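**Student:** Here's a structure for you.
Numbering (this note's numbering), first residue to last: 1 to 608.
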């Protein structure tokens, strides 16, 4: 994977702005520590940082190609999983290649098909292509948002980058955050609505969108949406088809010139990925995460019924992998909250982020590429909001039902009712965009809407988290379940079939029955592990007390001081309803607030 950045202006000669693009590219070094490169011309500056995974010599960027008298230059972050098929098709159409890199295949695909190339490529990507003669810039982000892309358009200058910090490093973009940004931060956070990046001057290109910038005209368009049709597969054929499709997605992502490892929690999703990967990678290494003394304090509950360690070892023994458990200390977890914030550029999932950051940091010592099980829950129906009525009927984002709590948390400096209206508006906007078949039952319509919400919101949040925490450590993490072919199929499978045998992800379990031990196939879903050690809560609470007494000047413009005091005085360490998802209860909320204070300070936020 890589980091990309660029500046385009049709009004000014940019050759006197090269320090800008160098600074922007420099802060992306963690995304690409192995190589860097630039392209300078009067109207565009491009920067690239490269993490070498495939074709060390032939894949250097920015990459230039001349075809039919026109010069095209690409900067690209990602991987294509159908490179060989595309190369073969392009060769038949008269193209030639100087490398075996997917970068050259992607550039040639755009040269041949322009924006229609997005209908042909399968992969994870954000890229920008400039045509020197036409003076056009084309940018795109992958179907499901595995790879990031941010941009600003200020005074007829277009700036883009892989991360917010790179945009802020330019001289064009401010750190202003307005009331809309605060509504995102407190009303929706750590999720964000499509296009929002919290900062007033910055947008995030949503998944499955492209931008065409030419002659001072900026066009943003969605290039892929969920197709809708009635399921015609008999159940046995469907089970076979899912097993083949998932296995193919995993196999395609084992291509690399460097070693590949897997995340292995012992849950269904990571176990399937590790199983299939072990067929193509000799002496596979697998990794799981735990916390110091967590076994002494873990308490089973509906949302986290079991710990991972014994299950991960069972799978490792079954597939004969070398397995390593990475154990995290409580104080290290707390101290990494600031590093996780900087990796994300925004407050995130607190220790859920910082633990992943530390996990990836350790894995990077032994590997450059890893495969992980994100997205299966959104696609196959693993979350409780798919099967519990109290979630399904909430008429709010099911992973953020705590709207009243969020309103109480907001300072009176901002309009609490506006926050309420903002969140409801975003929810309704998304619901109305969900494709449905009017002749289907109300239950099936509800599940289509839930699926759509999960793909466009919750899954993007988790993918952002995985990208930032891994790439901050120069580790490329691939997510095979985020294959748009799988998503298209599962969107059109009725819930009663996905809920096969009356268990979440029942259809996926059935598809891999007999290939993994039964105790893994029928293990109840247990989410990403968090710490239960009370030492963590004590540490995090003490930091927040210090912030309460010595906050950033803007902190209590955002957070209600009296309400925070009541939370700090309460001896309970949980919340009746999680602040976000299944994992963010009071310790994680406190971590989120600590990250807000860090963020205000580190990014010199201008609140207005």
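All C-beta atoms, glycine included, are put in the ideal place defined by N, C-alpha and C.
Note that this is a predicted model, so its numbers are computed, not measured.
1. Would you check if the distance between the CB atom of residue 369 and the CB atom of residue 476 is smaller than 8 angstroms?
2. Is there contact between the stretch 224–231 and the stretch 146–154, where contact requires at least three CB pairs shorter than 8 angstroms?
3. Kindly indicate the opening and closing residues of the beta strand (DSSP E) around residue 333.
4. Return the first residue and the last residue of the beta strand (DSSP E) that residue 469 is part of.
5. Indicate whether the contact test is met: 3 or more Cβ pairs, each with one atom in the stretch 208–219 and one in the stretch 161–170, closer than 8 angstroms.
6. Considering only the beta carbon of each residue, do residue 182 and residue 547 sit closer than 8 angstroms?
7. Taking 8 angstroms as the cut-off, decide whether the C-beta atoms of residue 316 and residue 277 are in contact.
8. On a Cα-Cα basis, can you pick out the residue from 577, 582 and 554 that is closest to residue 598?
9. Would you check if the distance between the CB atom of residue 357 and the CB atom of residue 336 is smaller than 8 angstroms?
10. Distance, Cα to Cα, residue 512 vs residue 524?
11. Nearest to residue 290 by CA position, among 26, 80, 284 and 265, is which residue?
12. With distances taken Cα to Cα, identify the nearest neighbour of residue 296 among 31, 604, 533 and 1.
13. Which residues share a DSSP beta bridge with residue 52?
14. Just to confirm my understanding: we take residue 271, look at its own chain, exclude 5 residues before and 5 after, and list those with CB closer than 6 angstroms. What are they?
15. So for residue 196, helix, strand or coil by DSSP?
16. Which residues in the same chain as residue 64 place their Cβ atom closer than 6 angstroms to its Cβ, once the five residues preceding and following it in sequence are excluded?
17. With contact counted as at least three CB pairs below 8 angstroms, one residue from each stretch, are the stretch 490–510 and the stretch 256–265 in contact?
18. Please return the same chain residues whose Cβ sits closer than 7 angstroms to the Cβ of residue 626, not counting the five positions on each side in sequence.
19. Indicate whether the contact test is met: 3 or more Cβ pairs, each with one atom in the stretch 29–36 and one in the stretch 46–63, closer than 8 angstroms.
20. Are the CB atoms of residue 608 and residue 409 within a distance shorter than 8 angstroms?
21. What does the alpha-carbon distance come out to for the pair residue 16 and residue 134?
22. Since residue 277 is in the beta strand (DSSP E), which residue starts that stretch and which ends it?
23. Kindly identify the DSSP beta-bridge partner or partners of residue 314.
24. Contact check, residue 371 vs residue 480 under 8 angstroms by CB: the rounded distance?
25. If you check the beta carbons only, do residue 125 and residue 76 fall under 8 angstroms apart?
26. Going by DSSP in three states, residue 202 sits in which element: helix, strand or coil?
27. Is residue 304 buried or exposed, if buried means 16 or more other CB atoms sit within 10 Å of its CB?
28. Could you tell me the alpha carbon to alpha carbon distance between residue 355 and residue 70, rounded to whole angstroms?
29. Hey, how far is the Cα of residue 382 from the Cα of residue 62?
30. Note down the Cα distance separating residue 458 from residue 306, rounded to an integer number of angstroms.
31. When you compare only the Cα positions, how much space is there between residue 293 and residue 329?
32. Quick one, which of 240, 236, 226 and 279 has its alpha-carbon nearest residue 251's?
33. Just to check my reading of the structure: residue 170 and residue 159 have Cβ atoms closer than 8 angstroms, yes? What is that Cβ distance to the nearest angstrom?
34. Go through its chain and collect everything with a Cβ distance to residue 18's Cβ below 8 angstroms, but skip five positions before and after it.
35. With distances taken from CA atoms, which of 419, 581, 580 and 594 is nearest residue 550?
36. Taking the alpha carbon of residue 331 as the point to measure from, which residue in 539, 87, 57 and 9 has its own alpha carbon closest?
**Tutor:** The relevant details are as follows:
1. Mapped onto the chain shown, residue 369 falls at position 369. Mapped onto the chain shown, residue 476 falls at position 476. Going by C-beta atoms, residue 369 is nearer than 8 angstroms to residue 476.
2. These segments do not touch.
3. Along the chain shown, read from residue 1 onward, the residue named residue 333 stands at position 333. The continuous stretches of beta strand (DSSP E) do not include residue 333, which lies in the alpha helix (DSSP H) extending over residues 330–335.
4. Position 469 of the chain shown, counted from the first residue, corresponds to residue 469. Counting along the chain, no beta strand (DSSP E) covers residue 469; the unbroken alpha helix (DSSP H) around it starts and ends at 459–471.
5. Taking 8 angstroms as the limit for Cβ pairs, the verdict is that the stretch 161–170 does not touch the stretch 208–219.
6. Start at 1 with the first residue of the chain shown, and residue 182 comes out as number 182. Start at 1 with the first residue of the chain shown, and residue 547 comes out as number 547. In this structure, the beta-carbon distance from residue 182 to residue 547 does not fall below 8 angstroms.
7. In the chain shown, residue 316 corresponds to position 316, counting from 1. In the chain shown, residue 277 corresponds to position 277, counting from 1. Contact annotation: residue 316 and residue 277 have beta-carbon atoms that are not nearer than 8 angstroms.
8. As a working mapping, residue 598 is identified with position 598 in the chain shown. Selected option, being the one with the closest Cα: 554.
9. What you label residue 357 is simply residue 357 of the chain shown in a count that begins at 1. What you label residue 336 is simply residue 336 of the chain shown in a count that begins at 1. It is a contact, given that the beta carbons lie within the stated cut-off.
10. Translated into the one-based positions of the chain shown, residue 512 becomes position 512. Translated into the one-based positions of the chain shown, residue 524 becomes position 524. Residue 512 and residue 524 have their C-alpha atoms spaced approximately 15 angstroms apart.
11. Here residue 290 refers to the residue found at position 290 when the chain shown is read from its first residue. Per the Cα distances, 265.
12. Looking up residue 296 in the chain shown gives position 296. Considering only alpha carbons, the answer is 533.
13. Counted from its first residue, the chain shown places residue 52 at position 52. DSSP lists no bridge partner for residue 52.
14. As a working mapping, residue 271 is identified with position 271 in the chain shown. Excluding sequence positions up to five before and after residue 271, its CB lies within less than 6 angstroms of the CB of 315, 516 and 520, all in the same chain and listed in chain order.
15. Counting from one through the chain shown, the residue named residue 196 turns up at place 196. Annotated three-state conformation of residue 196 is strand, per DSSP.
16. Start at 1 with the first residue of the chain shown, and residue 64 comes out as number 64. If we look at residue 64 and ignore the five residues flanking it on each side, its Cβ neighbours are 73.
17. No, because fewer than three Cβ pairs between the stretch 490–510 and the stretch 256–265 fall closer than 8 angstroms, the two stretches do not touch.
18. Residue 626 lies beyond the stretch modelled for the chain, which goes from 1 to 608, so this question has no answer here.
19. Segments in contact, yes.
20. Walking along the chain shown from the start, residue 409 turns up at place 409. Walking along the chain shown from the start, residue 608 turns up at place 608. Cβ atoms of residue 409 and residue 608: not closer than 8 angstroms.
21. For the purposes of this step, residue 16 is identified with residue 16 of the chain shown, where counting begins at 1. For the purposes of this step, residue 134 is identified with residue 134 of the chain shown, where counting begins at 1. Between residue 16 and residue 134, the C-alpha separation is close to 22 angstroms.
22. Taking the chain shown and counting its residues from 1, one reaches residue 277 at position 277. Per DSSP, residue 277 is not a residue of any beta strand (DSSP E); the alpha helix (DSSP H) it occupies stretches across 268–278.
23. To locate residue 314, count along the chain shown from 1; it is residue 314. Bridge partners of residue 314: none, in fact.
24. Counted from its first residue, the chain shown places residue 371 at position 371. Counted from its first residue, the chain shown places residue 480 at position 480. Contact flag correct, Cβ pair sits at about 6 angstroms.
25. Walking along the chain shown from the start, residue 125 turns up at place 125. Walking along the chain shown from the start, residue 76 turns up at place 76. Cβ distance < 8 angstroms, so residue 125 and residue 76 count as in contact.
26. The residue you call residue 202 lines up with position 202 of the chain shown. For residue 202, the three-state secondary structure derived from DSSP is coil.
27. Position 304 of the chain shown holds residue 304. Around the beta carbon of residue 304, 16 or more other beta carbons lie within 10 angstroms, which makes this residue buried.
28. By one-based count along the chain shown, residue 355 stands at place 355. By one-based count along the chain shown, residue 70 stands at place 70. So the two alpha carbons sit approximately 48 angstroms from each other.
29. Here residue 382 refers to the residue found at position 382 of the chain shown. Here residue 62 refers to the residue found at position 62 of the chain shown. Taking the straight line joining both Cα atoms gives about 41 angstroms.
30. Translated into the one-based positions of the chain shown, residue 458 becomes position 458. Translated into the one-based positions of the chain shown, residue 306 becomes position 306. The alpha-carbon atoms of residue 458 and residue 306 are separated by roughly 23 angstroms.
31. Numbered from its first residue, the chain shown carries residue 293 at position 293. Numbered from its first residue, the chain shown carries residue 329 at position 329. Cα atoms of residue 293 and residue 329: separation of roughly 9 angstroms, rounded to the nearest angstrom.
32. Against the chain shown, residue 251 aligns to sequence position 251. Answer by Cα proximity: 279.
33. Looking up residue 170 in the chain shown gives position 170. Looking up residue 159 in the chain shown gives position 159. Correct: roughly 6 angstroms between the Cβ atoms.
34. On the chain shown, position 18 is the one that residue 18 refers to. Correct list, in chain order: 38, 40 and 45.
35. In the chain shown, residue 550 corresponds to position 550, counting from 1. Taking only the C-alpha atoms, the option nearest residue 550 is 594.
36. Along the chain shown, one-based indexing puts residue 331 at 331. Here the closest residue by C-alpha is 539.
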